[in-house]
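Student: Below is one structure. I have some questions about it.
2 protein chains.
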Amino acid sequence: MTGRSLDLLFLSADDISSLDLQPAEVLDAVEQGLRAHGLGEVVMPPKDHLSVEEQFQGHFNILKAYVPAFGFAGVKVIGDYVNNYRHDLPSELALLTLYQAETGTPVAIMDATELTWMRTGAVTALGAKHLARRDSKVLGHLGARGTAWYNLRYLDHLYDLDEIRVTSRRPESRERFAAEMSEILGKPVAAVADVEAAVAGADIVVDASRLSEERTILENRWLEPGALVMPYGAVRSTDPELPLIAGKFVVDDWRQAAGSEHGQYYTLIRDGRLTRDHVYAEIGEIVAAAKPGREGDDELIVFWHRGFAISDIAVGSLALRRAQELGLGTRVEMASAVRDS
Amino acid sequence: MTGRSLDLLFLSADDISSLDLQPAEVLDAVEQGLRAHGLGEVVMPPKDHLSVEEQFQGHFNILKAYVPAFGFAGVKVIGDYVNNYRHDLPSELALLTLYQAETGTPVAIMDATELTWMRTGAVTALGAKHLARRDSKVLGHLGARGTAWYNLRYLDHLYDLDEIRVTSRRPESRERFAAEMSEILGKPVAAVADVEAAVAGADIVVDASRLSEERTILENRWLEPGALVMPYGAVRSTDPELPLIAGKFVVDDWRQAAGSEHGQYYTLIRDGRLTRDHVYAEIGEIVAAAKPGREGDDELIVFWHRGFAISDIAVGSLALRRAQELGLGTRVEMASAVRDS
Numbered sequence: 005m006t007g008r009s010l011d012l013l014f015l016s017a018d019d020i021s022s023l024d025l026q027p028a029e030v031l032d033a034v035e036q037g038l039r040a041h042g043l044g045e046v047v048m049p050p051k052d053h054l055s056v057e058e059q060f061q062g063h064f065n066i067l068k069a070y071v072p073a074f075g076f077a078g079v080k081v082i083g084d085y086v087n088n089y090r091h092d093l094p095s096e097l098a099l100l101t102l103y104q105a106e107t108g109t110p111v112a113i114m115d116a117t118e119l120t121w122m123r124t125g126a127v128t129a130l131g132a133k134h135l136a137r138r139d140s141k142v143l144g145h146l147g148a149r150g151t152a153w154y155n156l157r158y159l160d161h162l163y164d165l166d167e168i169r170v171t172s173r174r175p176e177s178r179e180r181f182a183a184e185m186s187e188i189l190g191k192p193v194a195a196v197a198d199v200e201a202a203v204a205g206a207d208i209v210v211d212a213s214r215l216s217e218e219r220t221i222l223e224n225r226w227l228e229p230g231a232l233v234m235p236y237g238a239v240r241s242t243d244p245e246l247p248l249i250a251g252k253f254v255v256d257d258w259r260q261a262a263g264s265e266h267g268q269y270y271t272l273i274r275d276g277r278l279t280r281d282h283v284y285a286e287i288g289e290i291v292a293a294a295k296p297g298r299e300g301d302d303e304l305i306v307f308w309h310r311g312f313a314i315s316d317i318a319v320g321s322l323a324l325r326r327a328q329e330l331g332l333g334t335r336v337e338m339a340s341a342v343r344d345s
Numbered sequence: 005m006t007g008r009s010l011d012l013l014f015l016s017a018d019d020i021s022s023l024d025l026q027p028a029e030v031l032d033a034v035e036q037g038l039r040a041h042g043l044g045e046v047v048m049p050p051k052d053h054l055s056v057e058e059q060f061q062g063h064f065n066i067l068k069a070y071v072p073a074f075g076f077a078g079v080k081v082i083g084d085y086v087n088n089y090r091h092d093l094p095s096e097l098a099l100l101t102l103y104q105a106e107t108g109t110p111v112a113i114m115d116a117t118e119l120t121w122m123r124t125g126a127v128t129a130l131g132a133k134h135l136a137r138r139d140s141k142v143l144g145h146l147g148a149r150g151t152a153w154y155n156l157r158y159l160d161h162l163y164d165l166d167e168i169r170v171t172s173r174r175p176e177s178r179e180r181f182a183a184e185m186s187e188i189l190g191k192p193v194a195a196v197a198d199v200e201a202a203v204a205g206a207d208i209v210v211d212a213s214r215l216s217e218e219r220t221i222l223e224n225r226w227l228e229p230g231a232l233v234m235p236y237g238a239v240r241s242t243d244p245e246l247p248l249i250a251g252k253f254v255v256d257d258w259r260q261a262a263g264s265e266h267g268q269y270y271t272l273i274r275d276g277r278l279t280r281d282h283v284y285a286e287i288g289e290i291v292a293a294a295k296p297g298r299e300g301d302d303e304l305i306v307f308w309h310r311g312f313a314i315s316d317i318a319v320g321s322l323a324l325r326r327a328q329e330l331g332l333g334t335r336v337e338m339a340s341a342v343r344d345s
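Protein chains in written order, with my numbering: chain R, 5 to 345; chain H, 5 to 345.
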C-alpha cells in the first residue's frame, strides 16, 4: 500500500506579483500558445460553464487544455460575479491547476486572477502586433478595470504609443486608472468623458466594456478606415454590423465562440446573422503565418477574442518556471504515499 | 487597491484519511445529494473531459455542480491513466475545490482520490438500499481496486452480508483485497477464480471491472431473478441486452450518461439501442420517493451509475466540516489583499 509521495506548489496572488513577469516574456509565451493553436498542436475542448446566475447573478467559466509546447495540461476555474463589490471582493477570482500531461499528476495550483488579466492583455497586444497598422500611435480604450491594466502595458510595449485615451462608466475609476497607468508607462494617459472622445481617430480601439445588457456604445461612424478594433466584453457593445462590414473579422477560436452562451457576438451567432463564413481567420493561423494578417493601410479589422485555456497554460507555465527559479511559493503535500488501488 | 485577504484550506490525502469518516455519515451525505438531484434542487451540467488518450492513454474528467443543500459549488478534476502503474502512481488522481456559491470564492482544495472511491461506494450501497431485496445476504463483486473497498464496506454496513465473493483479473490482487477486506469487515471475504463463481446466486452483483475493450464477462444466465446488478465500469462488461431485459433499469443522470463518450453502455446509446424510454427512473427520484424502488422479490433490477459531481460535493462538504472541527489541514493564503479591479 505504500508508494511515492506527491506534493505540489501553491502560488498565491502575492507570489504571482513577486515574479514581476515582464511584457516581453509574457507576450512570447502567449504568442507561442497562439501559434500552437494555429498549427493544431493543442487539445482544447470548448470552455464550459457552471451557472448560478438565477441564485447569485454569477457563474464559473471552466477552461481546460493540453499544450505540448508547454508540457502541461491545465484547468482554470474562474468565477464571474457582478455583485461581488458588495462583498468587498473582485468580480473575478481564478485558480489555475497545471498537470503533468503524461500521468495527470497535479504539479501546481496558482491564483490566476492577475494571470488572467495578463494573458488577456497579451492576446490584445498580439492581435495588434499582427493586425494593426505598423505606424499605429493612438489607442482608444473602453474600460478601466482588470484586463485594462495589461492591455495598455503590452500595447505600449509593442507600439510605444503617442496618445492613450481611456473612458469608462464611472469618472472616478477612469481618472484613477489613467493616473496610475501614466505613472506605470511614464507617459500621459488621458481619461476622457465618452466613447467618441476615446475612439475617434484612434489607430487601435479596445472595447473591454462590461455592459449588463446589449447596447451599441461604440458606433461604426467613429472608426477610422485602417483601424483595428478589439471588442471582447461578455455582452455586445459595438454595432451588430461591425463584424459584418469589417475588411477582416478575426477570432481566437470559432468553435468555442459559437458554442458558448456568452460573449460580445453570441446573440448574432445564435440568430444566424454571424457565421463561420464571416470569419477571415483565427488569430493563431495568422501568428503561425498560415494566413496573412493586415494587407492594407485602410483595412478595418475586427479581432474578437473570448480567451482560451491555451493562454492560461502559457502564462501559468511561465509563472511556475520563474517561481521555481526564484524559490517562491508554498510546497503542499498532496499525499505522503499514494497507493495503487 | 487594498482589500480583504483570502485564504483557503488544503486537505491532503493523509488529512482525508485522518478524518476517519464513518459509513453512516458518508451514506447520509450522499443520500442527501441524491435526493436533491431527484427534486431538481441542483445545478449540474454534464461532466466534461479533456482527453490525451492519443498521446498518453489518459484523460481528465471534469465534474462541477452547485448543491444548495450543502452550500457549495464544486469542481472536481480527476485523471484516469491506465498506464500509471508504470510510474508507480494510481490510475486516478483527483482534486476537488469547493467554492462559496454566493461569490465564487474558493474555500477548500482537497485530495479527492479516496473521496471519489467513497462517494462511488456510497452510491452503490444506496442503490442497494433502495433497489435490492430487503433480505439480501450474498454479494458478488467484480473488481478489487479503488471503489471496491468502499462498495464492500458500505454494502456490508447496510445489509450485514453473510457471503461476500470477489473476483478480479489478477489472482494476487483479489487475494490481497479479500484478505484485507476480511480484516476490515471482521468476516470472511472469498476471493474466487471467475465471474460465474462470484455472481451465481448472488442477491447483489457489483461489476466494477475495468476492461480495455467491450466484452461480455458477466452473463445474464448467471443472474438470479430478484438480483440487483450494478455495473459501472467505463467499458461495457455485461451482456448488451441486460439493461433491456431488466424489470427496472435505473441510472444516476440520464442527460450526463447520454452525452458522454465513456461509460458501460455508451456504445448502446450511441447506436440508438438504449434510449431514455428504457430508463425506469433516475436514482434520485427513487430516493426522493417520487417513484417506487423495488416492487417485487423477483424483479431483476439494473442500476447503472456513472458518478456525478453532486456526490463529490456531498462527501467534500462533509470532509471540510469535519476537518474544521478537528483543526486538520493546511491554511494557504490565496491573496493578502484582493483588489477590486
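Even for Gly, the Cβ is constructed at its ideal location relative to N, Cα and C.
Below 8 Å between beta carbons: does that hold for A1(H) and R178(H)?
Tutor: As shown, chain H starts at 5 and ends at 345. That puts residue 1(H) outside it, with no answer to give.
Student: Taking 6 Å as the limit between beta carbons, can you name the residues of its chain near T242(R), skipping five residues before and five after?
Tutor: The count along the first sequence starts at 1 and reaches residue 242(R) at position 238. Result list for T242(R): L222, P235, in chain order.
Student: At least one CB of chain H closer than 8 Å to the CB of G131(R): is that the case?
Tutor: The count along the first sequence starts at 1 and reaches residue 131(R) at position 127. So no, G131(R) is outside the interface.
Student: Which residue spans inside the region 162-187 of chain H form an unbroken beta strand (DSSP E) run of at least 3?
Tutor: You should have 167-171.
Student: Cβ of A17(H) within 8 Å of Cβ of D115(H)?
Tutor: Here residue 17(H) refers to the residue found at position 13 of the second sequence. Here residue 115(H) refers to the residue found at position 111 of the second sequence. Yes. Within cutoff.
Student: Considering just the uninterrupted stretch of the beta strand (DSSP E) at E299(R), what are its terminal residues?
Tutor: Residue numbering aside, residue 299(R) sits at position 295 when the first sequence is read from its first letter. Neither: E299(R) is in no beta strand (DSSP E) and is coded neither H nor E.
Student: Measure the CB-CB distance between Q260(H) and R240(H) and report whether it falls below 8 Å.
Tutor: Mapped onto the second sequence, residue 260(H) falls at position 256. Mapped onto the second sequence, residue 240(H) falls at position 236. Not closer than 8 Å, so no.
Student: Where does M114(H) sit, in a helix, a strand or coil, going by DSSP?
Tutor: For the purposes of this step, residue 114(H) is taken as residue 110 along the second sequence, with counting starting at 1. Strand, per DSSP.
Student: Is T279(H) close to chain R? Criterion is C-beta to C-beta, closer than 8 Å.
Tutor: Position 275 of the second sequence, counted from the first residue, corresponds to residue 279(H). Not closer than 8 Å to any Cβ of chain R, the Cβ of T279(H) fails to qualify, so no.
Student: Quick check on V127(R) - is its C-beta less than 8 Å from some C-beta in chain H?
Tutor: Mapped onto the first sequence, residue 127(R) falls at position 123. Output row for V127(R): interface = no.
Student: DSSP state of Y85(R), grouped into three classes?
Tutor: Within the first sequence, numbered from 1, the residue matching residue 85(R) stands at position 81. If DSSP states are grouped into helix, strand and coil, Y85(R) belongs with the strands.
Student: What do you reckon, is the C-beta of L143(H) under 7 Å from a heavy atom of the ligand MN?
Tutor: No copy of the ligand MN occurs in the structure displayed, which carries no ligand at all.
Student: According to DSSP, what are the bridge partners of M48(R)?
Tutor: For the purposes of this step, residue 48(R) is taken as residue 44 along the first sequence, with counting starting at 1. Bridge partners of M48(R): none, in fact.
Student: Use the C-beta contact count for A341(R): other C-beta atoms within 10 angstroms, 16 or more gives buried, fewer gives exposed.
Tutor: Your numbering for residue 341(R) matches position 337 in the first sequence. It counts as exposed.
Student: Taking the straight line between their C-alpha atoms, what separation do you get for V71(R) and L99(R)?
Tutor: For the purposes of this step, residue 71(R) is taken as the residue at position 67 of the first sequence. For the purposes of this step, residue 99(R) is taken as the residue at position 95 of the first sequence. V71(R) and L99(R): Cα-Cα distance of roughly 18 Å.
Student: Considering only the beta carbon of each residue, do R39(H) and G297(H) sit closer than 8 Å?
Tutor: Within the second sequence, numbered from 1, the residue matching residue 39(H) stands at position 35. Within the second sequence, numbered from 1, the residue matching residue 297(H) stands at position 293. Cβ distance not < 8 Å, so R39(H) and G297(H) don't count as in contact.
Student: In the DSSP output, which residue or residues are listed as bridge partners for Q104(R)?
Tutor: Stepping through the first sequence from its first residue, residue 104(R) is reached at position 100. Its beta-bridge partners are F76(R).
Student: Chain R beta carbons: is any one of them nearer than 8 Å to that of H145(H)?
Tutor: As a position in the second sequence, residue 145(H) is number 141, starting the count at 1. Cβ-Cβ to chain R under 8 Å: no for H145(H).
Student: In whole angstroms, what separates the C-alpha of I305(H) from that of L227(H)?
Tutor: Counting from 1 along the second sequence, the entry for residue 305(H) is found at position 301. Counting from 1 along the second sequence, the entry for residue 227(H) is found at position 223. Taking the straight line from one Cα to the other gives about 11 Å.
Student: Straight-line CA distance for R8(H) to T151(R)?
Tutor: By 1-based counting over the second sequence, the position of residue 8(H) is 4. By 1-based counting over the first sequence, the position of residue 151(R) is 147. C-alpha separation (whole angstroms): 21 Å.
Student: According to DSSP, H145(H) sits in a beta bridge with which residue or residues?
Tutor: Within the second sequence, numbered from 1, the residue matching residue 145(H) stands at position 141. H145(H) pairs with V170(H), V210(H).
Student: What residues from the region 305-324 of chain H come within 7 Å of chain R, judged by C-beta to C-beta, listed N to C?
Tutor: Cβ contacts with chain R come from no residue of the region 305-324 of chain H.
Student: By the three-class DSSP mapping on this structure, what secondary structure does M5(R) have?
Tutor: In the first sequence, residue 5(R) corresponds to position 1, counting from 1. Because M5(R) sits at a pLDDT of 44, beneath the cut-off of 50, its placement in the model cannot be relied upon, and the following sentence gives the value as read from the coordinates. M5(R): coil per DSSP, three-state reduction.
Student: For L93(H), go through chain R and note every residue whose CB falls closer than 9 Å to its CB, in chain order.
Tutor: Translated into the one-based positions of the second sequence, residue 93(H) becomes position 89. By Cβ distance, chain R contributes G7, R8, L10, T107, G108, T109, V342, D344.
Student: Quick one: does Y85(R) have its CB under 8 Å from some CB of chain H?
Tutor: Taking the first sequence and counting its residues from 1, one reaches residue 85(R) at position 81. Closer than 8 Å to some Cβ of chain H, the Cβ of Y85(R) qualifies, so yes.
Student: Which whole-angstrom value describes the C-beta separation of E73(R) and Q36(R), a residue pair presumed to lie in contact below a C-beta threshold of 8 Å?
Tutor: Walking along the first sequence from the start, residue 73(R) turns up at place 69. Walking along the first sequence from the start, residue 36(R) turns up at place 32. The sequence shown places Ala at residue 73(R), not Glu. About 6 Å; that satisfies the 8 Å criterion.
Student: Counting only Cβ pairs nearer than 8 Å, list the residues of chain R close to I66(H).
Tutor: Translated into the one-based positions of the second sequence, residue 66(H) becomes position 62. Chain R residues near I66(H): D52, I66, K68, V79.
Student: Would the beta-carbon of R123(H) fall within 8 Å of that of D316(H)?
Tutor: Residue 123(H) sits at position 119 when you count from the first residue of the second sequence. Residue 316(H) sits at position 312 when you count from the first residue of the second sequence. Yes, Cβ-Cβ distance for R123(H) and D316(H) is below 8 Å.
Student: Does E337(H) come out as helix, strand or coil in the three-state DSSP assignment?
Tutor: Taking the first residue of the second sequence as position 1, residue 337(H) is located at position 333. E337(H) falls in the strand class under three-state DSSP.
Student: What are the boundary residues of the alpha helix (DSSP H) that includes P229(H)?
Tutor: Indexing the second sequence from 1 puts residue 229(H) at position 225. P229(H) -> no alpha helix (DSSP H), and no H or E assigned at all.
Student: Should L330(R) go down as buried or exposed, given a rule of 16 or more other Cβ atoms within 10 Å for buried?
Tutor: For the purposes of this step, residue 330(R) is taken as the residue at position 326 of the first sequence. With fewer than 16 other Cβ atoms within 10 Å, it is exposed.
Student: Could you name the residues of the same chain whose beta carbon sits closer than 6 Å to that of L162(R), not counting the 5 residues immediately before and after it, in chain order?
Tutor: Here the question's residue 162(R) lines up with position 158 in the first sequence. If we look at L162(R) and ignore the five residues flanking it on each side, its Cβ neighbours are A129, K133.
Student: Looking only at C-alpha atoms, which of G263(H), I113(H), S22(H), L67(H) sits nearest to M48(H)?
Tutor: Mapped onto the second sequence, residue 48(H) falls at position 44. Taking only the C-alpha atoms, the option nearest M48(H) is L67(H).
Student: For A2(R), which residues from the same chain have a beta carbon less than 7 Å from its beta carbon, with the 5 sequence-adjacent residues on both sides left out?
Tutor: Any question about residue 2(R) goes unanswered here, given that chain R covers just 5 to 345.
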